[in-house]
Structures are given as C-alpha cells and as structure tokens.
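Chemist:
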Amino acid sequence: MVEKNAHQLKIGVMGSASGPQIEFKHARTMARKLGQEIGKRGYIFINGACPGLPNDALLGAKEAGGFTIGVSPAFSKHAHIHEYKSPHTHDMILFTGMGFMERDIINIRSSDAIVIVGGGIGTLNELTIAYEEGRPIGVLTETGGISDSIPHIIEDLCQRKVAPNMVFDSDPAVLMDKLEKAIKEYPLPIHEDGRVIDDNKPEGRREQHELEGVLEEETRSAEPGSRG
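Below, the structure written as structure tokens:
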C-alpha cells in the first residue's frame, strides 16, 4: 500500500451509469468489490454522483467505511434527485450546476487517480480527459464496455501510446496495488509540462519534487503561529 501521509488519496471511479453494461452482473459485482477495496485502504472515494456501476462502487466503499464524495452535474439537491434521478447517499455531494461534460473535468481534477469500470461514450470522455490531464488511470478489465478496448482505442484508433501511469487488471485488489504503485512513481504534475501522457516519462522529476518541497515549506510558514 501507499504510505500514509498528510495528503489522503482520492480515487475517482468512472463507468457505465446506464446502458447494457449495467445489466452485466459480473461488472456490478466487480464494481462493488472495487469500492470496498478503496474504502478498506482508507482512501476517499469519488464518483460522478450517478447511478449504475459508479454507484455500485459507492455502495462497496460505504460498506468498507470509506468517505464518499459525489460530483453532481446538477445545480441543487432537488435537481439532482428529481431531474437527474441520481442517487444521493454520499457523505458529501458537490452540486456543480455545470451539466455532465464540465462536471467530468471537476470530477477528474479532484481525483489523484481514476479507475474505469465498464463504460460507454460518457466514460470514454472521462478517460480521454484523464489521459490528457496526465492522471494515473486504472482499468478494471473484463467488465464490458470500453474497459476491454482501451489499448485499442488509444493505440490503434488515436495513434497514441498507453501511458506508463496506466494499469490494467481484472481483480480489484490487484488493480489497486498496481494503481498505488503508479501514483507513487508518477506524482501528479504541478504544471502542464509535467504531465505523463503517451509513453512520456518526463525528465525533471527531481526538480518537481524539489519545487513541491518548497511549496510545502511556504504553506507551513504561512500557517497561523508560524515564524517568518
């Protein structure tokens, strides 16, 4: 497991909210086990506050005692429940009022890494945003939808490379082990030039860690009661 530190990891789960994938019993079982795994490891669970596979994962995270956050496309709780017809059992829901597309960006940027389960067109949008943002990505394979075609989509259709911070497995526990390693090896960039995309392994990781240390020191010195 990733060492505990002051920054508690936030794992975003994205996948089929509707469509044929949610009729796939194995996918629903694996989504729930994924959520349980995230909760057991003490991580914050994030999803798009939607039904389907992400909600199955939410239920698993709650069963394991995880803290859960939903990033809703709706303007208000009323709209979330009555217009979007979406679940609302999270510990916290952020009502963006931005609709699905813009909500996806907030969802991804709020996550230290994302996991894809099943997935259709909407999940494909989330995948491509996370890829371009350089986020570590885990893919729970054998859950239907795009999850079993992502290398083909990236390499054959888009003529890009599977990034080194992308990991794949059909077992939720093994996938999380791999994702933890990717998170540790490829920390999130502090500027766009540090993104991990294609087969790019950015130089300057040492400089990035040094700058992160400077920023952390500046934050500490700005805290009430600190000297300087």
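In short: position in the sequence shown from 1, add 3, done, that's this note's numbering.
Even for Gly, the Cβ is constructed at its ideal location relative to N, Cα and C.
1) According to DSSP, what are the bridge partners of leucine 143?
2) So what does DSSP say about methionine 17, is it helix, strand or coil?
3) Between the region 135-153 and the region 17-36, do at least 3 Cβ pairs fall closer than 8 Å?
4) So the beta strand (DSSP E) threonine 71 belongs to, where does it begin and stop?
5) Let me confirm a value: serine 19 is counted as buried when at least 16 other C-beta atoms fall within 10 Å, else exposed. Which label applies?
6) Quick check on phenylalanine 27: does DSSP put it in helix, strand or coil?
7) Report the rounded CA-to-CA distance for serine 173 versus leucine 143, giving the unit in angstroms.
8) Grouping DSSP H, G and I as helix and E and B as strand, with all else coil, what is phenylalanine 103?
9) Under 8 Å, do glycine 55 and arginine 106 count as touching if we go by C-beta distance?
10) For cysteine 161, which option in Glu135, Ala185, Gly42 has the closest C-alpha, if you only look at C-alpha atoms?
11) Under three-state DSSP, which class holds leucine 12?
12) From the DSSP output, which residues share a beta bridge with alanine 47?
13) Report the three-state DSSP secondary structure of isoleucine 96 (helix, strand or coil).
14) Express the C-alpha separation of proline 57 and glycine 125 in angstroms, rounding to a whole number.
15) Can you tell me whether glutamate 86 is helix, strand or coil according to DSSP?
Modeler: A quick look at the data gives this:
1) Val120, Asp172
2) strand
3) yes
4) 71-75
5) buried
6) coil
7) 5 Å
8) helix
9) no
10) Glu135
11) coil
12) Per the sequence presented here, residue 47 reads as isoleucine, with alanine not at that position. DSSP output for isoleucine 47 lists Lys13 as bridge partner(s).
13) strand
14) 12 Å
15) coil
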